[in-house]
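Chemist: So the number in this note's numbering is just where the residue sits in the sequence shown, counting from 1, plus 60.
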Amino acid sequence: MNRGMVNVLCSLFFIAGCSNDNNVQSHNNNVGEVVNKHNDIQNLEALDTFIKRAKIKKEDTVNYIEYGIEGQRGVTTLTSKEDNIHVSSSVDKKFIEEYSCKDIAIDIENGSDNYVLKQCTGDFEGTRDIPLLTVSK
């Protein structure tokens with residue numbers, strides 16, 4: 061009986077070792093989403109985590125999804141790589157624009173947290189700061 065139990069345990073360890081761990085893969089490929097439906101903001105923590113990771117130059121991606129008055133779905137994808145934050149925007153899956161920024165910060169003004177992309181360059185003249193989101197407290 062001991063020999064049979066050892067064979068069963070060895071078989072289980074072998075199967076477990078050969079299996080594909082989908083939880084690890086999905087976590088590594090998981091893109092955070094912050095959703096803003098007419099100032100009802102969900103999952104703001106994903107943007108805060110993105111900012112922390114960008115500050116220490118870790119690669120990360122977050123989607124900021126915003127809905128217009130007539131239901132249009134705007135998606136701004138932020139991707140941090142080394143010293144840059146790449147920004148790409150679309151509305152209803154139609155490309156709008158893309159640009160690069162040096163930083164993203166939270167500026168506190170009049171009791172609100174203003175998420176601002178800093179020192180951005182793109183298909184516009186010069187360098188500018190671009191507001192992303194304002195959260196009233």
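A virtual CB, placed ideally from N, CA and C, is assigned to each residue, including glycine.
In chain order, what are the residue ranges of uninterrupted alpha helix (DSSP H) at least 4 long that sit wholly in the stretch 84-138?
Modeler: Listed in chain order, the complete alpha helix (DSSP H) runs (minimum 4 residues) inside the stretch 84-138 are 104-115.
Chemist: Any idea what DSSP makes of GLU169, helix, strand or coil?
Modeler: Start at 1 with the first residue of the sequence shown, and residue 169 comes out as number 109. Three-state DSSP puts GLU169 in a strand.
Chemist: Between PHE110 and SER150, is the Cβ-Cβ spacing less than 8 Å?
Modeler: As a working mapping, residue 110 is identified with position 50 in the sequence shown. As a working mapping, residue 150 is identified with position 90 in the sequence shown. No, the pair does not count as a contact, with Cβ atoms beyond the cut-off.
Chemist: Name the DSSP bridge partner or partners of ILE156?
Modeler: In the sequence shown, counting from the first residue as 1, residue 156 sits at position 96. BP columns for ILE156 are empty, so no partner.
Chemist: I need the DSSP call for ASP143, collapsed to helix, strand or coil.
Modeler: The residue labelled residue 143 in the question sits at position 83 within the sequence shown. Of the three classes helix, strand and coil, the one that applies to ASP143 here is coil, per DSSP.
Chemist: Is SER183 helix, strand or coil when you go by DSSP?
Modeler: Within the sequence shown, the letter at position 123 stands for residue 183. Looking at the sequence itself, residue 183 is Asp, so the reference to Ser does not match. Coil, per DSSP.
Chemist: Would you grab the beta carbon distance between THR136 and TYR127 for me? Rounded to a whole angstrom, and I think it's under 8 Å.
Modeler: Position 76 of the sequence shown, counted from the start, is the residue given in the question as residue 136. Position 67 of the sequence shown, counted from the start, is the residue given in the question as residue 127. That pair is no contact at about 13 Å.
Chemist: Please work out which residues of its chain come closer than 6 Å, Cβ to Cβ, to ASN96, disregarding the five sequence neighbours upstream and downstream, and give them in chain order.
Modeler: Indexing the sequence shown from 1 puts residue 96 at position 36. Contacts found: GLU126.
Chemist: Suppose you measure from the CA of GLN179 to the CA of GLU130; what does that come to, to the nearest Å?
Modeler: As a position in the sequence shown, residue 179 is number 119, starting the count at 1. As a position in the sequence shown, residue 130 is number 70, starting the count at 1. Distance between the alpha carbons of GLN179 and GLU130: 32 Å.
Chemist: For LYS197, name the three-state secondary structure that DSSP assigns.
Modeler: Taking the sequence shown and counting its residues from 1, the one referred to as residue 197 is at position 137. Looking at LYS197 - three-state DSSP - the assignment turns out to be coil, as it is neither helix nor strand.
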